[in-house]
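**Q** Protein sequences appear in the order of chains A and B. Here the first sequence is numbered in our numbering, starting from 21 and rising by one per residue. Here the second sequence is numbered in our numbering, starting from 311 and rising by one per residue.
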Amino acid sequence: MRKRAVTGWLLLAPSLALLGGLVVFPILYNIWLSFFDKHAFLPVQTFVGLRHYRYFATDAEFWSSFRHGVVYAGATMVLQLGVGVPAALLLNEAFRGRTLLRGVVLFPYMIPTIVAVMLWKWLLNDSYGLVNYALTATGLAAVPVAWLGPDWIMTSLVITSVWQFFPFVVVTYLARLQTIPPELYEAATVDGASTWRRFLHVTLPQTAAVLFVIVLLRSIWMFTKFDTVWLLAGEGGVSRYVRTLPVYAYARSFTYLQAGMGAALAVIMFLMLLAATAVYFQMFRGEETFA
Amino acid sequence: MAHVTSRRQFLRGTSAAVGAAVLGKAPAVLGQQVRELNVWHTEVEPQTVKTIQDTSIAEFEKKFPGFKVKQQALGWGDLNTKLLASLAAGSPPDLTHLNPFMTASLYVKSLLRPMDELIRALGENDIHEATLKLQYFDGKYYGVTHAMGATYFAERRDLRETKGIKPPDTYADMLKLAEALTESGRYALQMPGEKLYIGFVHPAEWLASNGGSWVDDKTWRPQLNGKAMLETLEYVQKLNKFQPGGWSGQKYLDTLAALATGKIAMAGLSGARTIGYIEKYAPENLRTPEAFMPLLRPHGPSGKVGISALDGENWAVFTQSKYPNEAFEFLRLFYKKEHYLSYCHSVPIHLTPIFKSMINDPAYLANERIKKWKPWHDVMVTGLKTNRFLPIGFSRPSDNALPFLAELDGSGIVADMVVEVMVSGKPPKAEADRAQKRAEELLAQLGHKRWS
Numbered sequence: 021m022r023k024r025a026v027t028g029w030l031l032l033a034p035s036l037a038l039l040g041g042l043v044v045f046p047i048l049y050n051i052w053l054s055f056f057d058k059h060a061f062l063p064v065q066t067f068v069g070l071r072h073y074r075y076f077a078t079d080a081e082f083w084s085s086f087r088h089g090v091v092y093a094g095a096t097m098v099l100q101l102g103v104g105v106p107a108a109l110l111l112n113e114a115f116r117g118r119t120l121l122r123g124v125v126l127f128p129y130m131i132p133t134i135v136a137v138m139l140w141k142w143l144l145n146d147s148y149g150l151v152n153y154a155l156t157a158t159g160l161a162a163v164p165v166a167w168l169g170p171d172w173i174m175t176s177l178v179i180t181s182v183w184q185f186f187p188f189v190v191v192t193y194l195a196r197l198q199t200i201p202p203e204l205y206e207a208a209t210v211d212g213a214s215t216w217r218r219f220l221h222v223t224l225p226q227t228a229a230v231l232f233v234i235v236l237l238r239s240i241w242m243f244t245k246f247d248t249v250w251l252l253a254g255e256g257g258v259s260r261y262v263r264t265l266p267v268y269a270y271a272r273s274f275t276y277l278q279a280g281m282g283a284a285l286a287v288i289m290f291l292m293l294l295a296a297t298a299v300y301f302q303m304f305r306g307e308e309t310f311a
Numbered sequence: 311m312a313h314v315t316s317r318r319q320f321l322r323g324t325s326a327a328v329g330a331a332v333l334g335k336a337p338a339v340l341g342q343q344v345r346e347l348n349v350w351h352t353e354v355e356p357q358t359v360k361t362i363q364d365t366s367i368a369e370f371e372k373k374f375p376g377f378k379v380k381q382q383a384l385g386w387g388d389l390n391t392k393l394l395a396s397l398a399a400g401s402p403p404d405l406t407h408l409n410p411f412m413t414a415s416l417y418v419k420s421l422l423r424p425m426d427e428l429i430r431a432l433g434e435n436d437i438h439e440a441t442l443k444l445q446y447f448d449g450k451y452y453g454v455t456h457a458m459g460a461t462y463f464a465e466r467r468d469l470r471e472t473k474g475i476k477p478p479d480t481y482a483d484m485l486k487l488a489e490a491l492t493e494s495g496r497y498a499l500q501m502p503g504e505k506l507y508i509g510f511v512h513p514a515e516w517l518a519s520n521g522g523s524w525v526d527d528k529t530w531r532p533q534l535n536g537k538a539m540l541e542t543l544e545y546v547q548k549l550n551k552f553q554p555g556g557w558s559g560q561k562y563l564d565t566l567a568a569l570a571t572g573k574i575a576m577a578g579l580s581g582a583r584t585i586g587y588i589e590k591y592a593p594e595n596l597r598t599p600e601a602f603m604p605l606l607r608p609h610g611p612s613g614k615v616g617i618s619a620l621d622g623e624n625w626a627v628f629t630q631s632k633y634p635n636e637a638f639e640f641l642r643l644f645y646k647k648e649h650y651l652s653y654c655h656s657v658p659i660h661l662t663p664i665f666k667s668m669i670n671d672p673a674y675l676a677n678e679r680i681k682k683w684k685p686w687h688d689v690m691v692t693g694l695k696t697n698r699f700l701p702i703g704f705s706r707p708s709d710n711a712l713p714f715l716a717e718l719d720g721s722g723i724v725a726d727m728v729v730e731v732m733v734s735g736k737p738p739k740a741e742a743d744r745a746q747k748r749a750e751e752l753l754a755q756l757g758h759k760r761w762s
């Protein structure tokens, strides 16, 4: 018995080593680093205990980054659902060209983030962008809108992100829609239920669990999104108007060159995610029981 | 009949090809080690990279057959990050470009090698004073500038002259000019929106042009809410209404394109590189110095002369460099007259020679682009003669001793202040006070607080 246990542990060892080296160690190292005042690249460091955490508790930049993160994650998540769910419902219907459209709708999700951001920066440019050209040519705007200026940069970021990530909602929701037994709709139709009623009493209850997963995953992913935010505005003067926590953590580490403070921010975000994940598991377990 | 290749034949053929390729590299693989001299620099134009390869590198590899030179051209934002990472890893390049505002912080950590012997060999007295002592600490030289390129406004000279207005000398003149050049469908001015420029390069120029400085000379206490900065913030807030609304979200290269295509009358940050844009995108009849010219910066009410940033990284050799002697040998070849002339001609005027004897040398001036755009070269020479330039990020010459300019730039504190004042129209004093507080905190965190 003992020999079998040893063999078991030996077989597990490579996985444990990988997990330890690639997941546990970086997290522990990051936590350790957050207690130091450490230059990002030079061998200069001093132990400061919880000082960085105390600093961020009253740091205006931290709280504005947190607010931006919540607004960004909330707005993009709601709009992704608002666009993605109707698109999935449409693509679940039978019509000519449906297969082609199902492929096309995935396009924004497949292209690299840098390409998506460059594309939208071109479209929204206030000097030569197509969007402003269309707005002024049709008389909807008297002067070009400064989409990339402070007043509109968050809107532009949300538009870019929704365009890029709504296909995830489409694909996930569509996959669930295709597994709903058609008999349920047939029975509802026989009972005289309208389209809206069928959606409300058949589709929605059947897809509640997947919607729940989409909302949680997309919220977490958008809250921790770095690349889209950074590429759209990270190095520009307007960055402070869309600076989210991941961008602030990056800035502290690699532009302020304060690796210790960057690590502390990463730990704070890690704890936030941990809390969100706990909620996710708790509620998801409830859904499973219900199902 | 089609020839069919079996799996066995394919594997045999592939193995033979791989074997031949390995044997082709025989000296390296079989013991005779080829050493690699790593050279990093910031001149990313393909023709410049090719010129370095064909001149200095070709001669170096001929002279030192055991060496292979590997050059890497990187934009200076990328180079800074990569360089610091390589230093942290203990394996920096043998030779690199370095921004003058970073040199002090590396010098104080004893990471740089002195290069007095090289400077003397190149001709200490012939190197222009604008660059000679930027890396001079404790009686030794720790760097030598690769070439000089001034930055300034690039203007539509024809439009200004049509209005009968002289080049602006003061902030007030500039506001009048901007107002006169604003017309339907065209803005007077566009500044670059990158944090690096509006949060570091331009504010340093503004401070220098208005009698101010980043920090107090003795205590290093930041001076962001001092008179020089406050006057400037009020000026740039007024200047903002002559810019396109979305300028803060656009980049330096967007401003050059906007200038060349007639969407603006002045680009806020420009160098001789702009000529390339003009020659490519401006209407053909306007591709001349009569239509496009540089303008030196105006000065503020508390300053005496407008100061522009001088783009000119220095070569540096690290204490950890693997082949320092060869790096110095490479530099001797780099500055060899025929090589250096070719290098400077790869981006004419933008890469102005550091040697006084060469700036007006007929061999240098014989270049076609310099001949055509001679007035641009003359502005460069005038600026050098009248001390109108300071290295990028410097508010005064002694800033070369500040070991925290890179961190101040990276923090975005100044950029936040400028954008809030210019674009959001917030009160300069309140924003300056906020930036001052943040800058004081940053310097204290970095261990540079000398004030009580």
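Cβ coordinates follow ideal geometry from the N, Cα and C atoms, glycine included. Note that the structure is predicted; figures quoted are calculated from it, not measured.
Indicate whether at least one CB of chain B lies closer than 8 Å to the CB of TYR276 of chain A.
**A** Closer than 8 Å: yes.
**Q** Can you name the start and end residues of the alpha helix (DSSP H) that HIS72 of chain A belongs to?
**A** Its alpha helix (DSSP H) spans residues 71-77.
**Q** Between the beta-carbon of GLY616 of chain B and the beta-carbon of GLY521 of chain B, is there less than 8 Å?
**A** Taking 8 Å as the Cβ cut-off, GLY616 of chain B and GLY521 of chain B do not qualify as a contacting pair.
**Q** Could you tell me which uninterrupted alpha helix (DSSP H) segments, each at least 4 residues in length, are contained entirely in the region 583-657 of chain B, listed from first to last along the chain?
**A** Here the runs fully enclosed are 584-591, 634-644 and 647-656.
**Q** Which residues bound the beta strand (DSSP E) around ASN390 of chain B?
**A** No beta strand (DSSP E) holds ASN390 of chain B; the alpha helix (DSSP H) holding it covers 386-398.
**Q** Kindly indicate if chain B contains any beta-carbon less than 8 Å away from that of TRP183 of chain A.
**A** TRP183 of chain A does not count as touching chain B.
**Q** Going by the CB atoms, is the gap between ASP709 of chain B and GLY509 of chain B shorter than 8 Å?
**A** Not in contact: GLY509 of chain B and ASP709 of chain B (Cβ atoms no closer than 8 Å).
**Q** Check the Cβ of PRO410 of chain B against every Cβ in chain A and list those closer than 9 Å, keeping chain order.
**A** The premise fails here: PRO410 of chain B is roughly 18 Å from chain A at the closest Cβ pair, so nothing lies under 9 Å.
**Q** Taking the C-alpha atoms as reference points, what is the distance between VAL91 of chain A and ILE429 of chain B?
**A** If you take the alpha carbons of VAL91 of chain A and ILE429 of chain B, they lie about 56 Å apart.
**Q** Throw me the rounded Cβ distance for the TYR261 of chain A and VAL230 of chain A pair, which I believe falls under 8 Å.
**A** No, TYR261 of chain A and VAL230 of chain A are not in contact; Cβ-Cβ is about 34 Å, not under 8 Å.
**Q** Closer than 7 Å, Cβ to any Cβ of chain A: which residues of the region 387-398 of chain B, in chain order?
**A** Listed by position, the residues of the region 387-398 of chain B near chain A (Cβ gap below 7 Å) are THR391, LEU394, ALA395, LEU397 and ALA398.
**Q** Could you give the DSSP three-state label for ASP57 of chain A: helix, strand or coil?
**A** Correct three-state label for ASP57 of chain A: strand.
**Q** Below 9 Å between beta carbons is the criterion; list the residues of the region 552-570 of chain B that meet it against any residue of chain A, in chain order.
**A** Of all residues in the region 552-570 of chain B, PRO554, GLY555, GLY556, TRP557, SER558, GLY559, GLN560, LYS561, ASP564, ALA567 and ALA568 have a Cβ within less than 9 Å of some Cβ in chain A.
**Q** Check whether chain C comes within 8 Å of GLY69 of chain A, counting only Cβ atoms and requiring the distance to be less than that.
**A** You won't find chain C in this structure, because its protein chains are A and B.
**Q** Using the rule of at least 16 other Cβ atoms within 10 Å of the residue's Cβ for burial, across every protein chain shown, is PHE127 of chain A buried or exposed?
**A** PHE127 of chain A should be labelled exposed.
**Q** Check whether the Cβ atoms of LEU408 of chain B and TRP524 of chain B sit closer than 8 Å, and answer yes or no.
**A** No, they are not a contact pair.
**Q** In or out: ALA673 of chain B buried (at least 16 other Cβ within 10 Å) or exposed?
**A** Looking at its Cβ environment, which holds fewer than 16 other Cβ atoms inside 10 Å, ALA673 of chain B is exposed.
**Q** Checking 8 Å against the spacing of the C-beta atoms, do TYR587 of chain B and ALA570 of chain B come in under that value?
**A** Against a cut-off of 8 Å, the Cβ pair of ALA570 of chain B and TYR587 of chain B comes out as a contact.
**Q** In this structure, how does DSSP classify SER705 of chain B when only helix, strand and coil are distinguished?
**A** SER705 of chain B falls in the coil class under three-state DSSP.
**Q** Taking Cβ-Cβ distances shorter than 9 Å, what residues in chain B pair up with TRP167 of chain A?
**A** Simply GLY556 and GLY559.
**Q** Does the beta carbon of SER656 of chain B sit closer than 8 Å to a beta carbon anywhere in chain A?
**A** Answer no: the Cβ-Cβ gap between SER656 of chain B and chain A never drops below 8 Å.
**Q** For the ligand HEM, is there any heavy atom lying closer than 7 Å to the beta carbon of PRO513 of chain B?
**A** Because no ligand of any kind appears in the structure shown, any question about the ligand HEM cannot be addressed here.
**Q** Does the beta carbon of VAL729 of chain B sit closer than 8 Å to a beta carbon anywhere in chain A?
**A** At least one chain A Cβ lies under 8 Å of VAL729 of chain B.
**Q** Give the single residue among B:LEU675, B:ALA676, B:ASN677 and B:MET603 whose Cα lies nearest to the Cα of GLU471 of chain B.
**A** Taking only the C-alpha atoms, the option nearest GLU471 of chain B is B:MET603.
**Q** Should SER721 of chain B be flagged as near chain A, meaning a C-beta pair shorter than 8 Å?
**A** Output row for SER721 of chain B: interface = yes.
**Q** What are the residues of the region 254-266 of chain A that lie near chain B, defined by any Cβ-Cβ distance shorter than 7 Å?
**A** Those residues of the region 254-266 of chain A that come within reach of chain B (Cβ to Cβ, closer than 7 Å) are GLU255, GLY256, GLY257, VAL258, SER259 and ARG260.
**Q** Looking only at its own chain, which residues have a Cβ that is under 7 Å from the Cβ of GLN357 of chain B, when we skip the five neighbours before and after it?
**A** SER656.
**Q** Answer with yes or no whether the minimum CB distance from ILE362 of chain B to chain A is below 8 Å.
**A** No - not a single Cβ of chain A is within 8 Å of the one on ILE362 of chain B.
**Q** Report the rounded CA-to-CA distance for GLY503 of chain B versus LYS141 of chain A, giving the unit in angstroms.
**A** Rounded to the nearest angstrom, the two C-alpha atoms are 13 Å apart.
**Q** Less than 8 Å separating the beta-carbons of ALA740 of chain B and LEU540 of chain B?
**A** The answer is no: Cβ separation not under 8 Å.
**Q** Below 8 Å on C-beta distance, what does SER667 of chain B contact in chain A?
**A** What SER667 of chain B touches in chain A: nothing, since even the nearest Cβ is about 39 Å away.
**Q** Does the beta carbon of ALA582 of chain B come closer than 8 Å to any beta carbon on chain A?
**A** No - not a single Cβ of chain A is within 8 Å of the one on ALA582 of chain B.
**Q** Beta-carbon within less than 7 Å of GLY536 of chain B's beta-carbon, same chain only, minus the 5 sequence neighbours each way: which residues are those?
**A** Excluding positions up to five away in sequence, the list reads GLY522.
**Q** Taking all protein chains shown into account, decide if GLY257 of chain A is buried (16 or more other Cβ within 10 angstroms of its Cβ) or exposed.
**A** Under this definition GLY257 of chain A is a buried residue.
**Q** What residues from chain A crowd round ILE508 of chain B, counting only those whose CB sits closer than 7 Å?
**A** Correct list: GLY257.
**Q** In three-state terms, what does DSSP make of GLN560 of chain B?
**A** Looking at GLN560 of chain B - three-state DSSP - the assignment turns out to be coil, as it is neither helix nor strand.
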